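Under our numbering, residues 100 to 475 are what the sequence shown spells out, in order. Cβ coordinates follow ideal geometry from the N, Cα and C atoms, glycine included. Note that the structure is a prediction, hence the values are computed from the model and not measured.
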Amino acid sequence: MTVSSGDKSTFDPQSTFSCSHEPLLPRPDSSCRNRMDKDTEEHGPVPIHWDATPEDHGHIPIIDFSSYSLLKGAVDEDELQPLATQLVQAFSTVGFVYLRNHGIPAALVSRTFEAADKFFALPEEVKTKFSRPADKSHGWVCLERERVTMERPGDLKEAFNVRPPQATEKLWPSEEVPEFQQASLQLYDKCRQLSLRIIELMARGLNIQDVSNFLSLHDKIGTAANGTMMRILHYPPLPERVKPGQIRCGEHTDYGEITILFQDAVGGLEVQSCEGKYVPAPPIPDTVVVNIGDLMQRWTADKLASTMHRVLLPETEEGQKSHRRSIAFFVHPNKDTTIASLDGSNKYPPIKAGEYLDERLTSTYGGRKSEEKTVN
Ligand SMILES: O=C(O)CCC(=O)C(=O)O
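Written out as structure tokens, the structure is:
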């Protein structure tokens, strides 16, 4: 039997919607060790190595996505189930995977990185013209403006957030870097397509009865009715003075459903293991990293794991002089989706996806929604 990609959504870069910044909250109480034990009882041993040495990325599985690559229009449904099972096993333990053969063209990713390099190299006063307005998510966010953990000073990073429905012409550097807008929007749309395939597989792996209906809860990505955002990140060479405790990106979990991450060759990303130890998640050529966010952990009543991660400062002199770049695509269900425990357990009370984000903001900042925080 053949099935389509399930990609029925429309992409409308012209429509508008309001900002939804999401602060960090402590993750729900569910250690990955517990999840692994439960999984082992129910499904047999999980083939993941937890005693990875720091040089090893062995705790994060590399999954071959070729049976559902974006380069495939129609696929054999029988091929999808093993992939779905692998994905859900990884997401229910470490919460992170590398995907190989995903089908997003490497040339498009390079073009976006190169255009972003040109943007980030512009003088501060030029970049300021494209600053993210207080009432939007789209636009430039300057160095140290955000911190993802309150325990550390501002992150040593700058970013350009891409939220198509909020992107007015004035918020693109069209004269300075003419190719930036087109490359960013093309990559946004490829990430949207890939995320729908990943979500479809997660639904299959979780044995959700109506997979098409579950997918349809994501059909407004790229419009005002959905909070999905792409964020292009630049970590510049270290300044002469680094504040105590300051790193490139502080310890945090992501807030949404899943995140797709492209990283350049520089490295620095670390992911927390079950033992609480941070282990490198090094760049692996031609792969993307995909991880679970807090909303998906809640939706699955803690079956899937939203895992802490961070980006450290480079240790070597050469590394300290290096620029690091990454692109994160933070996926959310449509704002009007009711997030009720998918296993029927009512572990967490039902909440609308849009309200969930607002609630996270209010509980952390007492309603100060304009506070500058990361928006993942
Ligand atoms: O730059 C990276 O590799 C990770 C970025 C990240 O974790 C985030 O922006 O939430």
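- Listed in chain order, the beta strand (DSSP E) elements of length 3 or more contained wholly in the stretch 175 to 229 are 195 to 199.
- Gly238 is bridged by DSSP to Asn260.
- Boundaries of the alpha helix (DSSP H) harbouring Val310: 310 to 315, taken from the DSSP string.
- Judged by pairs of C-beta atoms under 8 Å, the stretch 390 to 410 does not touch the stretch 223 to 233, as fewer than three such pairs exist.
- Counting every other CB atom within 10 Å of its CB across the protein chains shown gives Leu170 a total below 16, marking it as exposed.
- Taking all protein chains in view, the Cβ of Asp177 is surrounded by fewer than 16 other Cβ atoms within 10 Å, so the residue is classified as exposed.
- Taking 7 Å as the cut-off, the C-beta of His237 does not count as close to any heavy atom of ligand 1.
- Here Phe279 is near Ala215, since their CB atoms are less than 8 Å apart.
- Taking 7 Å as the cut-off, one finds no heavy atom of ligand 1 near enough to the beta carbon of Leu221.
- Distance from the C-beta of Leu394 to the nearest heavy atom of ligand 1 is not below 7 Å.
- Distance check between Lys217 and each of Arg291, Gln396, Phe428, Pro272 places Pro272 closest, using alpha-carbon atoms only.
- Shortest gap from the CB of Cys348 to any heavy atom of ligand 1: under 7 Å.
- For His317, the shortest separation between its Cβ and any heavy atom of ligand 1 does not lie below 7 Å.
- Boundaries of the beta strand (DSSP E) around Phe429: 423 to 430.
- Using a 10 angstroms sphere on the CB of Gln371, the tally of other CB atoms reaches 16 or more, which defines it as buried.
- Spatial neighbours of Asp363 in its own chain (CB-CB distance under 6 Å, excluding positions within 5 residues in sequence) are listed in chain order as Arg424.
- The count of Cβ pairs closer than 8 Å, one atom from the stretch 382 to 396 and one from the stretch 440 to 448, stays below three, leaving the stretches out of contact.
- The beta carbons of Gly321 and Arg409 sit about 29 Å from each other, so the pair does not count as a contact at 8 Å.
- DSSP lists Phe259, Ile426 as the bridge partner or partners of Ile331.
- In the structure shown, Cys290 falls within a helical segment according to DSSP collapsed to helix, strand and coil.
- Of the other Cβ atoms in all chains shown, fewer than 16 fall within 10 Å of the Cβ of Thr267; this residue is therefore exposed.
- For Gln362, there is no enclosing alpha helix (DSSP H); the enclosing beta strand (DSSP E) has its first and last residue at 357 to 362.
- For His237, the closest alpha carbon among the candidates Thr248, Lys228, Leu270 is that of Leu270.
- Contact between the stretch 285 to 292 and the stretch 326 to 333 is present: 3 or more CB-CB pairs across the two stretches fall below 8 Å.
- Judged by their CB atoms, Ile426 and Phe361 are nearer to each other than the 8 Å cut-off.
- DSSP, reduced to helix, strand and coil, places Lys269 within a helical segment of the structure shown.
- Three or more beta-carbon pairs separated by less than 8 Å link the stretch 331 to 345 to the stretch 245 to 254, which places the two stretches in contact.
- If only complete runs of 3 or more residues are kept, the stretch 346 to 415 shows the beta strand (DSSP E) at 348 to 351, 357 to 362, 368 to 371, 377 to 379, 386 to 391, 408 to 410, in order along the chain.
- Between the alpha carbons of Ala220 and Ile162 lies a gap of roughly 35 Å.
- Looking at Thr211, Glu299, Glu369, Gln292, the one whose alpha-carbon comes closest to that of Val261 is Thr211.
- Spatial neighbours of Thr399 in its own chain (CB-CB distance under 6 Å, excluding positions within 5 residues in sequence) are listed in chain order as Leu441.
- Counting C-beta atoms within 10 angstroms of its own C-beta, Gly194 has 16 or more neighbours from the protein chains shown and is therefore classed as buried.
- Here the alpha carbons of Gly453 and Lys434 stand approximately 4 Å from one another.
- With a cutoff of 8 Å on beta-carbon distance, Val430 and Ser294 are scored as near each other.
- Look at Arg330: its beta carbon is less than 7 Å from one of the heavy atoms in ligand 1.
- Closest by C-alpha distance to Gly418, out of Pro335, Tyr377, Cys373, Leu394, is Pro335.
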